[in-house]
Amino acid sequence: MVVLVGYLLYLNYNSQNALQKMSASQFRTSLNSWSEAFNYFLVERENDIRELAASDFVASYFINKSIGMSVKYGLQESRHIIERRFSHFTDATGDKKPIFSALALRDAEGAVVVFSKDANSRIEADDFDFSDNTFKIVRSTDPSHSIEALLEITASVWINEKIAGSVVGLVSIHELYRRFLPKQALQHVSESYHLVSLTNYSGLYSMICSRNLDNSMLKNYFQNEQSSWTDPSRPADGPIIPDSFEIIRFPFDKDGLELIWLVDKSLLYHTGEPHRFLLVFGTIVISVMACAFIAGKQYVKSLSLVSRLDIFTKLKEQIEKKNVALLDEMKQRQAIEEELRELNEHLEKRVRERSKELNKALSRIFLQEKLASIGHMAAGIAHELNNPINFVQINFNTLQTYFDHLLKLIFLHRKVAAESSAPSHYVTALSKFENQIGIDSVLEDIPVMFDESRQGFGRIAAIIEAMRNFSRKEQQNVTDVDLNKCINDTLIISRYEYKYCAVIEKHLQNISTVEGIAEQLNQVFLNLVVNAVHAIKGAEDIKEGRIIIRTWQESNHVCCSIEDNGTGIEKKDIPYIFEPFYTTKPPGKGTGLGLSISYDIIVLRHKGDILVEKKKDSGTRFTVKIPIAARRDLLLLPVPAVQSE
Amino acid sequence: MLKRICLITMLLAGSLACANAGEERIDLDTVRKNGVLRHLGVPYANFVSGDGQGMSCDLIRLFAQRIGVDYQYVETSWSNVIGDLVGQKVSPDGENIHLLGETPVRGDIISNGLTVLPWRQKVLNYSKPTFPTGVWLIASSTGENRPIVPSGNMDEDISNVKKKLKGKSVVGIKNTCLDPSLYDISATGADVRYFQGSMNDLAPMVIGGDIDYALLDVPDALVALEKWPGKTIVIGPVSQPQLMGVAFRKESLELQAAFDSFLTELKANGEYAELMKQYYPGLSYYFPDFISGQD
Numbered sequence: 001m002v003v004l005v006g007y008l009l010y011l012n013y014n015s016q017n018a019l020q021k022m023s024a025s026q027f028r029t030s031l032n033s034w035s036e037a038f039n040y041f042l043v044e045r046e047n048d049i050r051e052l053a054a055s056d057f058v059a060s061y062f063i064n065k066s067i068g069m070s071v072k073y074g075l076q077e078s079r080h081i082i083e084r085r086f087s088h089f090t091d092a093t094g095d096k097k098p099i100f101s102a103l104a105l106r107d108a109e110g111a112v113v114v115f116s117k118d119a120n121s122r123i124e125a126d127d128f129d130f131s132d133n134t135f136k137i138v139r140s141t142d143p144s145h146s147i148e149a150l151l152e153i154t155a156s157v158w159i160n161e162k163i164a165g166s167v168v169g170l171v172s173i174h175e176l177y178r179r180f181l182p183k184q185a186l187q188h189v190s191e192s193y194h195l196v197s198l199t200n201y202s203g204l205y206s207m208i209c210s211r212n213l214d215n216s217m218l219k220n221y222f223q224n225e226q227s228s229w230t231d232p233s234r235p236a237d238g239p240i241i242p243d244s245f246e247i248i249r250f251p252f253d254k255d256g257l258e259l260i261w262l263v264d265k266s267l268l269y270h271t272g273e274p275h276r277f278l279l280v281f282g283t284i285v286i287s288v289m290a291c292a293f294i295a296g297k298q299y300v301k302s303l304s305l306v307s308r309l310d311i312f313t314k315l316k317e318q319i320e321k322k323n324v325a326l327l328d329e330m331k332q333r334q335a336i337e338e339e340l341r342e343l344n345e346h347l348e349k350r351v352r353e354r355s356k357e358l359n360k361a362l363s364r365i366f367l368q369e370k371l372a373s374i375g376h377m378a379a380g381i382a383h384e385l386n387n388p389i390n391f392v393q394i395n396f397n398t399l400q401t402y403f404d405h406l407l408k409l410i411f412l413h414r415k416v417a418a419e420s421s422a423p424s425h426y427v428t429a430l431s432k433f434e435n436q437i438g439i440d441s442v443l444e445d446i447p448v449m450f451d452e453s454r455q456g457f458g459r460i461a462a463i464i465e466a467m468r469n470f471s472r473k474e475q476q477n478v479t480d481v482d483l484n485k486c487i488n489d490t491l492i493i494s495r496y497e498y499k500y501c502a503v504i505e506k507h508l509q510n511i512s513t514v515e516g517i518a519e520q521l522n523q524v525f526l527n528l529v530v531n532a533v534h535a536i537k538g539a540e541d542i543k544e545g546r547i548i549i550r551t552w553q554e555s556n557h558v559c560c561s562i563e564d565n566g567t568g569i570e571k572k573d574i575p576y577i578f579e580p581f582y583t584t585k586p587p588g589k590g591t592g593l594g595l596s597i598s599y600d601i602i603v604l605r606h607k608g609d610i611l612v613e614k615k616k617d618s619g620t621r622f623t624v625k626i627p628i629a630a631r632r633d634l635l636l637l638p639v640p641a642v643q644s645e
Numbered sequence: 646m647l648k649r650i651c652l653i654t655m656l657l658a659g660s661l662a663c664a665n666a667g668e669e670r671i672d673l674d675t676v677r678k679n680g681v682l683r684h685l686g687v688p689y690a691n692f693v694s695g696d697g698q699g700m701s702c703d704l705i706r707l708f709a710q711r712i713g714v715d716y717q718y719v720e721t722s723w724s725n726v727i728g729d730l731v732g733q734k735v736s737p738d739g740e741n742i743h744l745l746g747e748t749p750v751r752g753d754i755i756s757n758g759l760t761v762l763p764w765r766q767k768v769l770n771y772s773k774p775t776f777p778t779g780v781w782l783i784a785s786s787t788g789e790n791r792p793i794v795p796s797g798n799m800d801e802d803i804s805n806v807k808k809k810l811k812g813k814s815v816v817g818i819k820n821t822c823l824d825p826s827l828y829d830i831s832a833t834g835a836d837v838r839y840f841q842g843s844m845n846d847l848a849p850m851v852i853g854g855d856i857d858y859a860l861l862d863v864p865d866a867l868v869a870l871e872k873w874p875g876k877t878i879v880i881g882p883v884s885q886p887q888l889m890g891v892a893f894r895k896e897s898l899e900l901q902a903a904f905d906s907f908l909t910e911l912k913a914n915g916e917y918a919e920l921m922k923q924y925y926p927g928l929s930y931y932f933p934d935f936i937s938g939q940d
């Protein structure tokens, strides 16, 4: 019951409060709408004046006048036409007042040419000096009439890009108020403050004034001129004190004019006074009833608690026992969970390691297949080139033999010509032709050219042979391998890599052959030579690249070292250089597998060793040691053929 | 000379009377008997708009009400308007006329700004003046023609206007108040031309540049200034002030008297002034004496 009463009181208060807020909001909206309507009205009137100023009948007057038409013969009619058109705006229709109290056309000198006004208006053309373009307060020449406030709106008349005159419209501010605020009660015109004020409702005042009238001037106006308000309909709510009013300004689009609203703050802000009593009363009643309700409820509750206390005690003992059992069970579960967690971590670690190895193996297989196909193709090309080179070489030898015979024939001809009694002009012609072709130089150069060509054929044959050695599949078996030959083949193959950047120094001793797979060892040496070339290319401060290759024998090992004067290897990188995919080269320059595979071939397959050392001055030295006898089972395992990083 | 003109006038009047002798005399009683007043009108300025509206239509409509008959508007043309009233085709010759044969009578009264001209008075009776007028010379505002400066003397103003006409083309309408021969325009050395169309088309001819000058009577010139603002200008007068009136057959004396009585009453009670103000609001400036009743 109490809650219901309280709830109803609350609802009543809320609804009334909301209504007052809504009313205040609507009031503000109304003010804004009124202001917009005022402004729109004035803008439309400005458009009226502009249209009149731009009309052809107004222009006609000035054109006719400028041409020389006289008032007596026609020009007066132009005025009449304008006056009639103006009268559409200034004549009252029925009980409606006209839009403009007066309209005037002035010429460029300011003289009034046409003047049209509302028949009921007190305005006369003589009342104006037309010097102001914004706000005008006119005191009629008729002393029986009071002050009339007018807004002046002017638009220039342009003829041939010159101002020929102007159209002036006068809007009655009283009429403006009447159109938009029909409940007006008081109008007061202040010449001193240049404003017109009106009251519309109790607590609401509005005024149209020049825009430069600030709040302090507004207060002064109320203090100084309020006593002169003599309108009997003035509300009897005492003098206006601006501080108790909110001032809302609405600047018009028309220059220099402003609409000011003075609104009693009680109209805008909800004070809640009508509901205060209801609110306090309701609060007290609800408080008293709530206290009684709580006290009664507490008493009943305590009786119930006592009766239940024994039951709670027994339940508590049972719960404690169960708690102990649960704690033991929990400890056991924690121990098992710990073991499971460690097991999981171990398994995850193993999985990660295996995954890493698997990834590396997959990468190697991929590269192996890729490079094996390239090698296979190179073997095919070498095979195809070998045959034509062979018959070119054979033909070349035959050609040289033929040429030797021809040379001998030429020498014999020359000798016969010199010794015979042939006519002198034949000898002379022969001698002349020999001079033309430079026969002595030809005879001297031909043997040299044949020698150089033969050497070229030899080099081509050697390259092809080397390529076949590098890629021959039938060499994937274990043979006695001469490391010196491997090195020579490697240098032939890699000549293109080093010939423009490094000089090769070979110090190859007589060494034993080793048991191994020549193709794999060729791959190792090629990797090392190409790495040396890259290191030299990467060094900026060396004058001449140099790669020194040595072979020698140590008891049951054959050794080979390849050193360069290139950039060298950072000390921190040395422990990792034989790891797969580790590279210090820029992205895209190396796979990181060359040294890894070399290590695999030498150490894992041939049971040898491969060492790296950073030289003191600059560069790197790799040393390969291979046992003379190898384990054949290991050698026959497949190895990827990565040639360089 | 005066005797000769009087003789010719009497002969013509006699001829007209003889020509209509075979027909019923049309006067006020005939109109009342017929129950309709037939208003002959030519569309012109604000007098007759062509659809039965205009100052003349309003005036005759009021008169028909006064005499208790229906009003009927009968449209005609400047060349036929007199014949349609008197039943004889009439051709002017200076201040004289020639009768060219019979034609059906189509109306009882002419009212559309008919200027009082001597030759018309030979075949028509005019009411008391209904409208002040005069003839002005107008030109296009875009040409080089410029108005005269008023001297204060009408004769001098007319002379100054005529001085501007030498070698220029001037258009008017034959057998109307705008006939250049009435104002001796050809003596100025102007290239006089006659227009076959409506009077309402004279101003557009000037605006279009087809002709240098046109003759317009004052009411029509005022209409042209409003209708084509900035396009036409008034050079000055070519005639002294003239008058317009409502025309009747020579024998319709009772009808004419009834109208004169009606007009006098209308002027006295101010209705006529309102009518003029409605259709020619600017006219009072140019003819203040007429409007004030001192004509």
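Chains A and B supply the protein sequences, listed in that same order. So in my numbering, spot 360 of the first sequence is number 360, and the numbers just go up one at a time. To convert a position in the second sequence, counted from 1, into my numbering, add 645. Cβ coordinates follow ideal geometry from the N, Cα and C atoms, glycine included.
- Between residue 670 of chain B and chain A, is there a C-beta pair that is closer than 8 Å? Here residue 670 of chain B refers to the residue found at position 25 when the second sequence is read from its first residue. No, no contact with chain A.
- Item | Cβ of residue 786 of chain B within 8 Å of any chain A Cβ | Within the second sequence, residue 786 of chain B is the residue found at index 141, counting from 1. So, interface residue.
- Residues in the segment 55-74 of chain A having any Cβ partner in chain B nearer than 7 Å: Cβ contacts with chain B: 56, 57, 59, 60, 63, 64, 67, 68, 69, 70, 72, 73, 74.
- Helix, strand or coil: how does DSSP classify residue 490 of chain A here? As a first step, residue 490 of chain A is located in the first sequence; it is residue number 490 there, counting from the start. The three-state secondary structure of residue 490 of chain A, taken from DSSP, is helix.
- Task: Using 10 angstroms around the beta-carbon of residue 894 of chain B, count the other beta-carbons present and answer buried if the total reaches 16, otherwise exposed.
- Result: Here residue 894 of chain B corresponds to residue number 249 of the second sequence, with the count starting at 1. Around the beta-carbon of residue 894 of chain B, 16 or more other beta-carbon atoms lie within 10 Å, marking it buried.
- Taking 8 Å as the CB-CB limit, is residue 166 of chain A close to chain B? As a position in the first sequence, residue 166 of chain A is number 166, starting the count at 1. Under the Cβ distance rule, residue 166 of chain A does not count among the residues neighbouring chain B, no pair being separated by less than 8 Å.
- Alpha-carbon spacing of residue 939 of chain B relative to residue 747 of chain B, whole angstroms: Position 294 of the second sequence, counting from 1, holds the residue named residue 939 of chain B. Position 102 of the second sequence, counting from 1, holds the residue named residue 747 of chain B. Residue placement at residue 939 of chain B cannot be trusted, given a pLDDT of 41 that sits under 50; what the coordinates show is reported in the next sentence. One C-alpha to the other measures close to 40 Å.
- Query: Rounded to a whole number of angstroms, what is the C-alpha to C-alpha distance between residue 7 of chain A and residue 17 of chain A?
  - Reply: Translated into the one-based positions of the first sequence, residue 7 of chain A becomes position 7. Translated into the one-based positions of the first sequence, residue 17 of chain A becomes position 17. Pairing residue 7 of chain A with residue 17 of chain A, the inter-Cα distance amounts to about 15 Å.
- What residue from A/545, A/159, A/154 has the CA that sits closest to residue 170 of chain A's CA? What you label residue 170 of chain A is simply residue 170 of the first sequence in a count that begins at 1. For residue 170 of chain A, the closest alpha carbon among the candidates A/545, A/159, A/154 is that of A/154.
- Message: Beta carbons nearer than 9 Å to chain B: which residues of the segment 104-118 of chain A have them?
- Response: Answer in chain order: no residues at all.
- Message: Using a Cβ-Cβ cutoff of less than 6 Å, which residues in the same chain neighbour residue 60 of chain A once the five nearest sequence positions on both sides are dropped?
- Response: Taking the first sequence and counting its residues from 1, the one referred to as residue 60 of chain A is at position 60. Around residue 60 of chain A: 78.
- Item | Residue span of the alpha helix (DSSP H) that contains residue 61 of chain A, given as start and end | On the first sequence, position 61 is the one that residue 61 of chain A refers to. Following the DSSP letters along the chain, one finds residue 61 of chain A inside the alpha helix (DSSP H) bounded by residues 56-67.
- Identify which residue in B/872, B/918, B/779, B/674 has its Cα closest to the Cα of residue 886 of chain B. For the purposes of this step, residue 886 of chain B is taken as the residue at position 241 of the second sequence. The option with the nearest alpha carbon to residue 886 of chain B is B/779.
- Message: Below 8 Å on the Cβ atoms is my contact criterion, and I expect residue 686 of chain B with residue 714 of chain B to pass it. Report the Cβ-Cβ distance as a whole number of Å.
- Response: By 1-based counting over the second sequence, the position of residue 686 of chain B is 41. By 1-based counting over the second sequence, the position of residue 714 of chain B is 69. About 17 Å separates the beta carbons of residue 686 of chain B and residue 714 of chain B, which is beyond the 8 Å limit, so they are not a contact pair.
- Give every residue of the same chain whose Cβ lies closer than 6 Å to the Cβ of residue 236 of chain A, excluding the five residues on either side of it in the sequence, and list them in chain order. Taking the first sequence and counting its residues from 1, one reaches residue 236 of chain A at position 236. Confidence at residue 236 of chain A is low in this model, with a pLDDT of 48, below 50, so its placement is unreliable and the value that follows should be read with caution. Here residue 236 of chain A has no same chain residue with a Cβ atom under 6 Å from its own Cβ, once five neighbours each way along the sequence are excluded.
- Query: Which residue or residues does DSSP assign as beta-bridge partners of residue 741 of chain B?
  - Reply: If you number the second sequence from 1, residue 741 of chain B lands on position 96. The partner list for residue 741 of chain B (beta bridge, DSSP) reads B/738.
- Once you ignore the five residues that flank residue 474 of chain A on each side, which residues in its own chain have a CB closer than 7 Å to its CB? Sequence index remark: in the first sequence, residue 474 of chain A carries index 474 (1-based). Reliability fails at residue 474 of chain A, whose pLDDT of 47 lies under 50, so the model's placement of it is uncertain and the value that follows must be treated cautiously. Contacts found: none.
- Query: Which bits of chain B does residue 81 of chain A rub up against, with CB to CB less than 8 Å?
  - Reply: Sequence index remark: in the first sequence, residue 81 of chain A carries index 81 (1-based). Simply 870, 871, 874, 927.
- Measure the alpha-carbon distance for residue 822 of chain B versus residue 863 of chain B and round it to whole angstroms. Residue numbering aside, residue 822 of chain B sits at position 177 when the second sequence is read from its first letter. Residue numbering aside, residue 863 of chain B sits at position 218 when the second sequence is read from its first letter. Taking the straight line from one Cα to the other gives about 11 Å.
- Is any beta-carbon of chain A found at less than 8 Å from that of residue 692 of chain B? If you number the second sequence from 1, residue 692 of chain B lands on position 47. It does not; no Cβ of chain A falls within 8 Å.
- Kindly indicate if chain B contains any beta-carbon less than 8 Å away from that of residue 223 of chain A. To locate residue 223 of chain A, count along the first sequence from 1; it is residue 223. Taking Cβ atoms only, chain B never reaches closer than 8 Å to residue 223 of chain A, which makes this a no.
- Message: Threshold first: 4 residues or longer. Then list the alpha helix (DSSP H) segments lying entirely within the segment 859-895 of chain B, N to C.
- Response: Runs found: 863-872.
- Message: Once DSSP output is grouped into helix, strand and coil, what is the label at residue 694 of chain B?
- Response: Against the second sequence, residue 694 of chain B aligns to sequence position 49. Three-state result, residue 694 of chain B: coil.
- Task: Please report the residue range of the alpha helix (DSSP H) in which residue 916 of chain B lies.
- Result: Residue 916 of chain B sits at position 271 when you count from the first residue of the second sequence. Where residue 916 of chain B is concerned, the enclosing alpha helix (DSSP H) stretches over 916-924.
- Can you grab the Cα-Cα spacing for the pair residue 256 of chain A / residue 922 of chain B, in whole Å? Within the first sequence, residue 256 of chain A is the residue found at index 256, counting from 1. Within the second sequence, residue 922 of chain B is the residue found at index 277, counting from 1. A direct Cα-Cα distance of roughly 42 Å separates residue 256 of chain A from residue 922 of chain B.
- Item | Which listed residue (A/291, A/57, A/430) has its alpha carbon closest to that of residue 158 of chain A | Position 158 of the first sequence, counting from 1, holds the residue named residue 158 of chain A. It is A/57.
- Taking only the alpha-carbon atoms, compute the straight-line gap between residue 97 of chain A and residue 28 of chain A and give it to the nearest angstrom. Within the first sequence, the letter at position 97 stands for residue 97 of chain A. Within the first sequence, the letter at position 28 stands for residue 28 of chain A. Cα to Cα, residue 97 of chain A sits roughly 29 Å from residue 28 of chain A.
- Query: From A/538, A/486, A/503, A/539, pick the residue whose C-alpha is nearest to that of residue 516 of chain A; which is it?
  - Reply: In the first sequence, the residue the question calls residue 516 of chain A occupies position 516. Comparing Cα-Cα distances from residue 516 of chain A to each of A/538, A/486, A/503, A/539, the minimum goes to A/486.
- Query: Name the DSSP bridge partner or partners of residue 245 of chain A?
  - Reply: Start at 1 with the first residue of the first sequence, and residue 245 of chain A comes out as number 245. DSSP, once it has assigned bridges, lists A/264 as partnering residue 245 of chain A.
- Query: Are the beta-carbon atoms of residue 660 of chain A and residue 462 of chain A separated by less than 8 Å?
  - Reply: Outside the displayed range of chain A (1 to 645) lies residue 660 of chain A, so it cannot be described from this structure.
- Buried or exposed by the 16-neighbour rule on C-beta atoms within 10 Å, applied to residue 233 of chain A: Taking the first residue of the first sequence as 1, we reach residue 233 of chain A at position 233. Its pLDDT being 46, under 50, residue 233 of chain A is placed unreliably in this model, and the value from its coordinates should be taken loosely. Exposed: under 16 other Cβ atoms inside 10 Å.
- Message: I'd like to know whether the C-beta atoms of residue 82 of chain A and residue 786 of chain B end up nearer to each other than 8 Å.
- Response: Taking the first residue of the first sequence as 1, we reach residue 82 of chain A at position 82. Taking the first residue of the second sequence as 1, we reach residue 786 of chain B at position 141. Not a contact, by the Cβ cut-off of 8 Å.
- Task: Pull up the distance between the alpha-carbon of residue 912 of chain B and that of residue 870 of chain B, whole angstroms please.
- Result: Locating residue 912 of chain B in the second sequence gives position 267, counting from the first residue. Locating residue 870 of chain B in the second sequence gives position 225, counting from the first residue. As the crow flies, the alpha-carbon of residue 912 of chain B is around 27 Å from that of residue 870 of chain B.
- Query: Taking 8 Å as the CB-CB cut-off, is residue 236 of chain A touching chain B?
  - Reply: For the purposes of this step, residue 236 of chain A is identified with residue 236 of the first sequence, where counting begins at 1. Note on residue 236 of chain A: pLDDT 48, under 50, position unreliable in the model; no value is reported.
- Query: Any idea which residues DSSP pairs residue 107 of chain A with across the strands?
  - Reply: Reading the first sequence from its first residue, position 107 is the one you call residue 107 of chain A. In DSSP, residue 107 of chain A forms a bridge with A/165.
- Cβ neighbours of residue 249 of chain A in the same chain (closer than 7 Å, five flanking residues each side left out): Here residue 249 of chain A corresponds to residue number 249 of the first sequence, with the count starting at 1. Apart from sequence neighbours up to five positions away, the residues of its chain that approach residue 249 of chain A with a beta-carbon distance below 7 Å are 258, 260, ordered along the chain.
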